[in-house]
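Going down the list, the sequences are from chains A, B, C, D and E. Its first residue numbered 0, the first sequence is counted upward by one per residue in numbering that gives the first Met the number 0. Its first residue numbered 0, the second sequence is counted upward by one per residue in numbering that gives the first Met the number 0. Its first residue numbered 0, the third sequence is counted upward by one per residue in numbering that gives the first Met the number 0. Its first residue numbered 0, the fourth sequence is counted upward by one per residue in numbering that gives the first Met the number 0. Its first residue numbered 0, the fifth sequence is counted upward by one per residue in numbering that gives the first Met the number 0. Glycine included, every Cβ here is placed at the ideal spot set by N, Cα and C.
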Amino acid sequence: MAINVLAVILFAIISQTIHHPTVQLILNILIMASLGLGLFFFFATSVGVLRFPDFFTRLHAAGKGDTLSTILILLACSLFSLKSAKTLDQTTILAAIKILLIINFIFIGSPTATHALIEAGYNSEIDPWENNATRN
Amino acid sequence: MLLGIETLLLILVLILAVVSLWIRDLMSSVVVFGAYSFLMCLIWTGMGAVDVAFTEAAVGAGVSTVFFVAVLFNTTRRIQFNPLDLSAKIFSAILCIGTGYLLMLGLSDLPSWGDPQALVNTNVSKYYIESAYKQTKVPNLVTAVLADYRAFDTMFETCVVFIAVLGIFMLLKKDGREPLKETSAKANDNLIIRVASRFMVPFIQLFGLYVVAHGHYSPGGGFQGGVILGASLILVAMAFNIEFVKQLLSIKRMLLLAVIGVIIFAGWGLVPVFLGQSFLDYSAWAALLPGTGEIMARSHSMLAVEIGVAITVMCGMYGIYMSLVSDGRFDKGL
Amino acid sequence: MILKFNYVIMIILMMLGLWAMIAKKNIIKKLIGMAIFQTGIILFYISMGAKSGSNIPILDYYDRYKPIDAAQYANPLTQILMLTAIVVGVATLGLGLTLARKIYDDYKTFNEDEILQEIKNEHD
Amino acid sequence: MSMINQLPFYVVGIPLFTALIIGVLAIVQPKLVRLTGLVGIISGAYASLTLFLTVQQSGTKYYTFGNWPAPYGIEYSVDTLNALMILLIYAVSLLAYVYSLRSVIIEIPSNKHGYYYTLYFLLITGLIGITITGDAFNLYVLYEICALSSYALLASGGKRATLATFYYLLIGTVGACFYLIGVAYLFIKTGTLNMGQLFEHIPSIYFTSSILVAFIFINVGLFIKMALFPLHGWLPNVYTKAPISTTCLLAPLGTKLSIYILIRFYFHVFGPEYVFQVLNIQPFMVWLATLAIIVGSVYAIFHTNYRSTIAFIIVAEIGYIIGGLWIGHPDSIAASIYHILADSLMTLSLFMIAGTVLFYLKSEKTSAFALTFRQLRITSISLVVVFASIVGIPPTSGFFSKMYLIKGAFAMGHYQFIVALLFSSLASLFIFFRLFEAYFYSKPPEPAPSIIKEDRLFTLPMIGVSTGIILLGVTFNYWFSVISRIIPVGLR
Amino acid sequence: MTNFTTILLTICIPIIGAFMIYLFGKKPNQREAASFATAFVLFGCVLKLFNPGKINGQTLQLIELFPGVSISFFYDHLSVVFAFVASSLWIVTTLYSIGYMRGTNERNQTRFYMCFALALSATMGVAFSANLLTLYIFYELLSISTYALVGHQQNADAQFGARKYLIYLFGGSIGLALPAMIIIYQITGTLDFNYSGIVPAYFNPTMLLALLLMFLYGFGKAGLMPFHAWLPGAMVAPTPVSSLLHAVAVVKVGVFSIIRVLTGIYGVDLMQSLKFNGVVCGIAAFTVITASLIALYQDNLKRLLAFSTIGQLAYIIMGVGLASSLGVTGGILHIVMHAFGKITLFFCAGAIYVTTKKKYISEMDGIGKQMPITLSAFFIGALSVTGLPPTGGFISKWMMLQGAMDANLTIIMIVYLVSSLLNACYFFPIIYKAFFKDPATESHGIKEAPLNCLIPPMITAACSILLFFNYRIFTTIIHGVTGGL
């Protein structure tokens, strides 16, 4: 919850000083960084899903990787929408905050979903991969 | 338009469609079908049809996959491998290729993809774009045309949802004689899922209401909002067992609400008839609603109509899920 | 012909759905085929109304009072038609699944051939 | 705006609101359901009668929803053909409703009656909406309403009905989607969905291939729904397994309205010049209709189960109407429109008879009919009347439509159509006498079977339909003059 | 009462009679009395119409069914003659059927009498109908009401006979007559009979010929050769049925409709100009010869009489087909003469069956000694049918011969003579066997038929002799028709 408050304050500050060139520069760097990181994590997840031997390990990669990379990309989107808004008024900030809400939702929803999947897998007795078993 | 992302997505969608039909296991082919619908939403957003994408995501991808899973959960997942009888397959293949060729035949003089001067975009829809805001004060043109110019269609659309839920309920309702056979999965009373869903459901419902209310200004409206509200109820039904949800909204009340939704919509349109104007002519409401001119009356009545739609769709999706999942006994769920 | 690429995809999707509905033996697969067929048609209508380089048909705050140029905004009419088509598609899908469910209750299988077999020996 | 021009809305609104009220009552106060239904259908019938008479006097009536001018809002245009069809729908649904009051109690478990009647009235709303609407897409939506409610109503008929309805669902959706593709091709070339405007735009693009494709797809979509010969597979097993109370409403109207839509598209959207001059598929279509009649009659002979015989007779009758339409002679077109009226009444009466025989004698083999003639008085009378009409014995309406069909066919030189017509009359004669002989030449069973007192709610509609068939025949001249005003000048 | 009310009465009386018979269903005596009364009243009405002076051919339109066609009746010479024959013989047949029914105590006799009355009302309808549509409607009603009579015994061969009856008649009428009628309506726009013919001469002759053949074979009741099989099959019915219906009402309706078509629709001069009368006479001649040949070696008496009826009907058609005034008059007169002659033969056959249960001629030698009156009536009937002097049959055949000479169709003359010879060949051996041979088995104790099976044949035999002397009452009326030629 604290992060949200911090993020809202940050947005307020940015929105006031949007036209200052240095703020523009920092925003650009931030957007590019989070986009890059997000894409990297997505790539890592898909590799993980393909390479990992069995059900549980694949889910481990998919669950974590997805949530993080989505959050990062969404962060980049919200900042970008702030930066590129033609006129700065409450609708653009509202759009940015809405994206923040989506981040929160994914932050809670996605791990629970992964947990549910794994628990269902565990209940239906899928045997986890042991080291000695040859990769099937 | 051509080299944009749509072409890539279109190819991807085609691949997904083929894969979803070829997979042996039913459950995974349903999941692939869900992915196929989500990609469809992306294509439509690309083409500027935001409301349709929203509906497809909520209704097409979300809820229908849930319905498929609800049916498959109590029945088999496997397809029995059947001998490949070639004759039926070849005959139907020829038939489809023939119809496909016929369609291709008609392609030659269709306007190319996305040119604004095509007759389809200049004849009736030009009037809508130019005068919708002036006549109804509703910036979201789609909702304006949906709820006012062609409100009659939308009313029947709500009837379609109502018919679906009533038909499904009537067909599946058993008198509870033979109890549902013990399904393999235990009733999951997984704490984490319950806590997470208890936390999320209020926000989902709030967002649903927001979507319904803001149908005029942002993409969304009665259908999408209703589906989201329905989805929240389904989430509760999944997290907790069906008994719990039935206290929230019992089956009888659900059917009643479904009818009341349609009655709100149709009733709102009927009042102008009593005032001597034609059916679904909202400007007649100006006389009843205090202090609103003809145009504002239209935009307010659109909101009322959207609420009616939202109620029906919410109960619709919820009712269909409840019937499908418990095969009409409403005792044990997913 | 290149400019009409989307229609080709739409036709292929429709024919795929039609083929699945007729040739596929499994009832659920038939329903998926039906859904694909319907989404094919929806794609056709939407791609009709798409205008290259156009905005979504929502007038934002500033240019509500400026003269509106129709080429700027996507065609709202096709979108409305398709909202109805999607909802109808889901309703038909729901009913289809109910019937599939009842068929499963009676015949314990989704495979069309086995069901027809069972009817045949039920009949005589 | 006086009361009169609200009529087009009342005709659709009344069944819609009856359905909604019944929907509420089904949960709150189930006992009132049947009464509201009766009130609703009678007031609807009255509205349709006044509509028919006003249209007769003052020509086509237009009704726009939300008073947006025609192409922008949805518009209803009611001319004599529409009003006639709506009158037919109300007549058939009134009789079917009275019949269903008793047959629903027998067939449907009691806790579902309220839901059954809600869907029943929504089906009637859809049927009326189809005939009256002037908007191509609105027609698709109403089509789906009819289809969906009929799936639910048909499938509530027990084990075998579910599978048959499932196939009907698939085929029905394919038909509706073909229609939608056809409308899409029209919409993309003309930009409007209003049938009146389509009529103005289409002549300018007669020779483009997309109009041809649109025509083909709309036709194929409607052929599927009306069960014309090659695409009739679904009709027999749906109508033999579905509950009687549903088939009494759906069988007479379901297929006939698709034909009505075809006629409406030919006359008011594509225009007769396009259909009969530009496309020269007339001989092909007449041959198709001939095949439909012959195959329908042959199958009808080879089935002993009564309901499957009727189903195939319906397939043959569809061949009559389509053949009459495609012959193109004003007499035969008028005869085919008249035959829509006659055939709906005939089908309704056939299914009512099937109902009573099934309820009282529990079987529908031909042997059951030996007892029908002995025990069920009114059923046997209506059986004789309806088969007289199918065969074409003069006082009944079947004779007159057949006469004018042959007259038109001869004028245009389609002799094979005449042969098919006569063959099917002889076939139905054979069917009737197979039933009659089962009674006339069989020894009466030892304990002389007592006359079963048929329920009043069964006999009332049956007598109504039989008198309707004969009345329709005797007043042929009036109907012929009404219908021949409908045919556009190009064909007259 | 104007003529039209009488015409309508002739059609309605039998229906009312049928209803009264139904009311008295349980009490046989009242039922027979009712049937008798209706027959008498009907005959009275027809008699009232029967004075040649007043026949004026006005038409009465009842209901307008199609633009240009309506159910209408008219007061015509031909219809009066035919109505007279049918109604007069109905009285005699009712009397006879009371005896017959009592004799063989058939089941459900009420239904029998009701169908009889309905059949008569349909015959009257055919007689007085002014256009082809009304004629067709009553033709169909006649087929339906007589179906129940043919299948009266409700046993296996009754079913077979009735089914054959049904297929031939309904098949013919719906399959051939109906389309032909509709095509005529399409060509000419009206179906009303008028003696100059309504078919336009310029219409292509092959189509007209096809239509003519469709009518000839469509009206299957006339029993032209390929479509005749139903008549012997219908002999399975009780004798009163086969006597009145298959000698007088049903078959004559067939011939009557063909005459109506030939004279009213085509018109005699068109027939001559397009050489159609050659075709008609050819078909009729073929039927006469083959029917008479088949009748030669028939053993069952009623089947023999059936084939002889087929032959005689073809006579009438041949007469009318000649299209010469004498020929047509002869043909129409032969309807009357043959009716009385043939009904006597059927009555005798019935009487023999009632008393001796014998159906086959081989068993009937020496029967004349036991049943002299029946067999003498049989003899007079045979004379009338073969056309020998003391009986009326001779006059009509004589006229037809002269007609053939006028139309100088010599072949037809030869056919007439040969067929009369053949008639004699198959009747006189029966009479010879009956009177001059002693009975094979001593079947003594057979006494005469019951009284009311005996009187009707005597009456009709006497009538046919009476007709020989004052046939002029009929010819004056018939000249009203043939006068115009």
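| query | result |
| --- | --- |
| Which value, in whole angstroms, describes the spacing of the CA atoms of B:Ile203 and B:Ser231? | 6 Å |
| Here's a check: name, in chain order, each residue in its chain whose Cβ is nearer than 7 Å to the Cβ of B:Phe168, leaving out the five neighbours to either side. | Leu254, Gly318, Ser322 |
| Around the C-beta of B:Ser183, are 16 or more other C-beta atoms found within 10 angstroms, so that it is buried, or is it exposed? | No answer about B:Ser183 holds up, because its pLDDT of 41 lies below 50 and its placement is not dependable. |
| So, under 8 Å CB-CB, D:Asn193 and D:Glu74 are touching, yes? Tell me the CB distance rounded to an integer number of Å. | 6 Å |
| Going along the region 461-473 of chain D in order, which residues come within less than 7 Å of chain E, judged by CB to CB distance? | Val473 |
| How would you call B:Trp43, buried or exposed, if buried means at least 16 neighbouring beta carbons within 10 angstroms? | buried |
| Can B:Thr135 and B:Leu145 be called in contact, C-beta distance under 8 Å? | no |
| Does DSSP put E:Thr58 in a helix, in a strand, or in coil? | strand |
| Mind checking who D:Thr63 pairs with in its DSSP beta bridge? | D:Glu74 |
| Residues of chain E with CB under 8 Å from D:Ala410, in chain order? | Gln185 |
| Who are the near neighbours of B:Ser27 in its chain, counting only those whose CB is closer than 6 Å to its CB and skipping five residues on each side? | none |
| Once DSSP output is grouped into helix, strand and coil, what is the label at C:Tyr72? | strand |
| If we define contact as Cβ-Cβ less than 8 Å, is A:Thr111 a contact residue for chain B? | yes |
| Is the Cβ of A:His59 closer than 8 Å to any Cβ of chain B? | no |
| Taking just the CA atoms, how far does B:Ser325 sit from D:Phe269? | 49 Å |
| Assuming E:Ala423 contacts E:Thr385 (C-beta within less than 8 Å), just tell me the rounded distance between them. | 5 Å |
| Can you tell me whether E:Gly222 is buried or exposed? The criterion is at least 16 other CB atoms within 10 Å of its CB, across all chains shown. | buried |
| Note the first and the last residue of the continuous beta strand (DSSP E) segment covering C:Ser192. | In the structure as shown, chain C begins at 0 and stops at 123. Residue 192 of chain C is therefore absent and cannot be evaluated. |
| Report yes or no: do the region 355-368 of chain E and the region 381-398 of chain E share at least 3 C-beta pairs separated by less than 8 Å? | no |
| Using a C-beta cutoff of 8 Å, does D:Glu143 count as contacting chain C? | yes |
| Taking 8 Å as the threshold, find out whether the region 294-313 of chain B comes into contact with the region 256-271 of chain B through three or more Cβ pairs. | yes |
| Find out if the Cβ-Cβ distance for the pair E:Leu140, E:Ala121 is shorter than 8 Å. | yes |
| Suppose you measure from the CA of C:Leu92 to the CA of C:Lys29; what does that come to, to the nearest Å? | 11 Å |
| Return the Cβ separation of D:Ala95 and D:Leu347 in integer angstroms, given the expectation that the two are a contact with Cβ distance under 8 Å. | 6 Å |
| Which residue spans inside the region 87-167 of chain D form an unbroken alpha helix (DSSP H) run of at least 4? | 112-131, 135-154 |
| Taking only the alpha-carbon atoms, compute the straight-line gap between E:Ser71 and D:Val383 and give it to the nearest angstrom. | 26 Å |
| Could you check the C-alpha separation between E:Gly196 and E:Thr58 for me, to the nearest Å? | 17 Å |
| Please classify E:Glu63: does DSSP put it in a helix, a strand, or coil? | strand |
| Check E:Val68 in the structure and name its three-state DSSP category. | strand |
| State the DSSP-derived secondary structure class of D:Ser42, mapped to helix, strand or coil. | helix |
| Pop quiz: E:Ile411 and E:Ala403 are said to be a contact at Cβ under 8 Å. What is the actual Cβ separation, rounded to whole angstroms? | 4 Å |
| By Cβ distance, which residues of its chain are closer than 6 Å to D:Ser209, with the 5 residues on each side in sequence left out? | Tyr184, Lys188 |
| From the DSSP secondary-structure annotation, give me the bridge partner or partners of E:Asn130. | E:Asp191 |
| Do you know offhand how far E:Val267's Cα is from E:Thr328's? | 13 Å |
| Near D:Thr254, what residues of its chain come up, given a Cβ to Cβ distance below 8 Å and the 5 sequence neighbours on each side ignored? | Lys224, Met225, Ala226, Leu234, Ile313, Ile317 |
| Looking at the strands, I want to know which residues DSSP matches up with B:Tyr216. | DSSP lists no partner for B:Tyr216. |
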